[in-house]
Amino acid sequence: MAEIAESTPRVNPDALPVEHFDVLIVGAGISGVGGAWHLQHHRPGTSYVILESQADFGGTWRTHRYPGIRSDSDLYTFGYGFKPWTGAPIATAEEILKYMDEVIEENDLGRHIRYRHEIQAARWSSEDRRWTLDVVQLDTGERRRFSCGFLWMCQGYYRHSEGYTPEWPGMEDFAGRIVHPQTWPQDLDYSDMRVAVIGSGATAATLIPAMAGKCRYITMLQRTPTYFVTGRNANALADMLRELEIKEEWIHEIVRRKILFDQQNIVRRSFEEPDKLRAELLDGVRAILGDDFDIQKHFSPGYRPWHQRIAFIPDGDLFKAVRDGHASVVTDEIDRFVPQGILLKSGEVLEADLIVTATGFNLNVLGDIDFTVDGKPLDFADTVTWRGALFTGVPNLAWVFGYFRASWTLRADMLAEFVCRLLDHMDARGATRVVPELRDQDADMPLLPWVTEENFNPGYLQRGMALLPKQGDRPPWQHSQDYWRDKEELPAADLDDGSLRFD
Ligand SMILES: Cc1cc2nc3c(=O)[nH]c(=O)nc-3n(C[C@H](O)[C@H](O)[C@H](O)COP(=O)(O)OP(=O)(O)OC[C@H]3O[C@@H](n4cnc5c(N)ncnc54)[C@H](O)[C@@H]3O)c2cc1C
Numbered sequence: 001m002a003e004i005a006e007s008t009p010r011v012n013p014d015a016l017p018v019e020h021f022d023v024l025i026v027g028a029g030i031s032g033v034g035g036a037w038h039l040q041h042h043r044p045g046t047s048y049v050i051l052e053s054q055a056d057f058g059g060t061w062r063t064h065r066y067p068g069i070r071s072d073s074d075l076y077t078f079g080y081g082f083k084p085w086t087g088a089p090i091a092t093a094e095e096i097l098k099y100m101d102e103v104i105e106e107n108d109l110g111r112h113i114r115y116r117h118e119i120q121a122a123r124w125s126s127e128d129r130r131w132t133l134d135v136v137q138l139d140t141g142e143r144r145r146f147s148c149g150f151l152w153m154c155q156g157y158y159r160h161s162e163g164y165t166p167e168w169p170g171m172e173d174f175a176g177r178i179v180h181p182q183t184w185p186q187d188l189d190y191s192d193m194r195v196a197v198i199g200s201g202a203t204a205a206t207l208i209p210a211m212a213g214k215c216r217y218i219t220m221l222q223r224t225p226t227y228f229v230t231g232r233n234a235n236a237l238a239d240m241l242r243e244l245e246i247k248e249e250w251i252h253e254i255v256r257r258k259i260l261f262d263q264q265n266i267v268r269r270s271f272e273e274p275d276k277l278r279a280e281l282l283d284g285v286r287a288i289l290g291d292d293f294d295i296q297k298h299f300s301p302g303y304r305p306w307h308q309r310i311a312f313i314p315d316g317d318l319f320k321a322v323r324d325g326h327a328s329v330v331t332d333e334i335d336r337f338v339p340q341g342i343l344l345k346s347g348e349v350l351e352a353d354l355i356v357t358a359t360g361f362n363l364n365v366l367g368d369i370d371f372t373v374d375g376k377p378l379d380f381a382d383t384v385t386w387r388g389a390l391f392t393g394v395p396n397l398a399w400v401f402g403y404f405r406a407s408w409t410l411r412a413d414m415l416a417e418f419v420c421r422l423l424d425h426m427d428a429r430g431a432t433r434v435v436p437e438l439r440d441q442d443a444d445m446p447l448l449p450w451v452t453e454e455n456f457n458p459g460y461l462q463r464g465m466a467l468l469p470k471q472g473d474r475p476p477w478q479h480s481q482d483y484w485r486d487k488e489e490l491p492a493a494d495l496d497d498g499s500l501r502f503d
């Protein structure tokens, strides 16, 4: 949790006035802002507030300020369905924030957002049919209380305050500086430094071309390779439609559909013909690095494509940095840190002045908020999910957890429509509570992890799996992470099939 101002006034929390809203959205990232848009458009009479612990909107795109920060999926699908994206497909954090700012401005959402409001505890009372939240206003230290009929968790999936850095032996011996990309010091002058980046995910692939040529030298150190796909940072179909002076709303929709169609094809091929797909991905890298480069060793992962997210490398900039001699790739394991850099298992020392640990996130389950349901502490791991959105025994709460392989926002948009439908349904039934419950026929259902390892297995999920809810082996208890399946099933889901109790 973030630090609060020192002069926290002593007040009896029970004596605090309570501000009540129909819906309370946690987080003003891309999911929370999108949720507000849907709520405002589909349920104009619903009162709502967004509480955000940071000083501004944007979530991920505001927290991450490392060199070159950009999306790794295209903005036609990472952007909202309701707001056309008119720029290049891969966007910088600044461009994404500008897009979100326009959504907030154009729809007057800003007056509903309270910044620097960190939610610390949430208590559901079945008697009062509401959640009550303990909130700290971080800039003043004041304690506040809010209540709501429905809690819409748009808090993302990782802790914003600090990233994940493994403990390696000898870290304290290293004479240089160690930085995690999530907490990048804005005054860091690396122009004269030899930089070693640990990791080869999307973050490393973004940082390296942005720093290459601007520092003395930069090396990507990876234990195992990652798949990348290269291409122009342009969309030929969008460019063509623009030449034909088609309306931006149409271009957005057509290009989204085309991208999703192509992606579905890739997912299918990753199962049906993984070797062919793999060869194509590697050919893309070879086209830039040439036949003499050891592609097999450095860019050919042991898993099938799509088992982890495939990062898009616009204009092949990462590979060009290697080809042009500004950057290199080392595939090896860390033995320990030494004063001059990193001693590798091969016996070599990777010398560095700056080590960047692009090693991922700390999973944060439900925003690090202490939850209780009717006085009982909620352990999320004891719940079973209803379509990856609602949870058994947890009334009036939805969590937006997006896609890994398709753009996150596709699911955030879809779930926002679902939440509005659910609220309509509650109104129509005169219900003030909805809670998923396993039916008799589900009682002996095998319970599986939130995401199965064969489906998708990034480190931060594997590290945090024990904290996450379970899924079942049949609808509606599955969390499929499959956009194409959800897009058919979620809007058509029968809310009266007995898996949701309304009262
Ligand atoms: C560097 C990076 C690049 C990425 N690129 C892509 C991409 O190209 N495509 C893609 O699909 N996905 C990408 N992702 C995944 C990305 O996180 C999501 O796509 C998306 O931005 C998440 O949005 P969100 O609003 O759900 O959550 P977040 O962006 O995490 O925002 C959550 C907000 O909730 C607030 N919050 C959390 N807890 C509390 C609390 N207790 N009280 C008050 N406020 C709280 C946080 O401060 C934050 O502002 C990327 C992730 C990272 C880190």
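Counting in the numbering used here, the sequence shown runs from 1 upward without gaps.
Ideal Cβ placement from N, Cα and C applies to all residues, glycine included.
Pair within 7 Å by beta-carbon distance, residue i and residue j
i	j	result
T203	A88	no
N235	V255	yes
G316	T224	no
H117	L16	no
G367	Y164	no
I589	A238	One cannot answer for residue 589 here, as it falls past the ends of the chain, which runs 1 to 503.
Ligand 1 heavy atom lying under 6 Å from the CB of residue i
i	result
F380	no
S31	yes
T92	no
S407	yes
L318	no
I25	no
E52	yes
F418	no
I208	no
D370	no
C148	no
G156	yes
G87	no
G45	no
Beta-carbon proximity list for residue i, same chain, < 6 Å, skipping 5 on both sides
i	result
D72	A202, A311, F312
G32	I25, I50, C154
R286	I295
W124	W131, V373, P395
Alpha-carbon spacing of residue i relative to residue j, whole angstroms
i	j	result
W37	Y157	21 Å
A122	D134	6 Å
W184	Y66	5 Å
R447	D473	Note that residue 447 corresponds to Leu in the displayed sequence, not to Arg. Their Cα atoms are separated by approximately 7 Å.
H64	G29	12 Å
S7	I69	Because the pLDDT of S7 is 45, which lies under 50, any placement of that residue in the model is unreliable, and the number read from its coordinates should be weighed accordingly. The straight-line gap from Cα to Cα measures roughly 36 Å.
K227	A212	Before going further, note that residue 227 is Tyr rather than Lys in the sequence given. If you take the alpha carbons of Y227 and A212, they lie about 20 Å apart.
M445	L363	27 Å
R43	R232	41 Å
L39	R421	10 Å
L378	L500	19 Å
I208	V434	48 Å
D292	M220	19 Å
V373	L75	38 Å
G506	R129	It is not possible to answer for residue 506, since the shown part of the chain is limited to 1 through 503.
D283	A91	25 Å
L138	G430	38 Å
Start-to-end residues for the beta strand (DSSP E) that takes in residue i
i	result
G148	Just to set this straight, residue 148 is Cys in the shown sequence, not Gly. Residues 143-153.
Q120	117-125
A327	327-331
M220	217-222
Close-in-space but distant-in-sequence residues of the same chain around residue i (CB under 7 Å, 5 per side omitted)
i	result
G110	I104
F401	Y157, G388
G170	R336, F337, V338
Opening and closing residue of the alpha helix (DSSP H) in which residue i lies
i	result
Y99	93-106
W184	Per DSSP, W184 belongs to no alpha helix (DSSP H) and is neither H nor E.
H42	30-42
L423	408-429
Own chain partners of residue i with C-beta closer than 8 Å, once the 5 adjacent residues on each side are dropped
i	result
P9	For P9, the predicted structure reports a pLDDT of 49, less than 50, and the residue's modelled location is therefore unreliable. The matter cannot be settled from this model.
R538	Coverage of the chain is limited to positions 1 through 503, which leaves residue 538 absent and any answer about it impossible.
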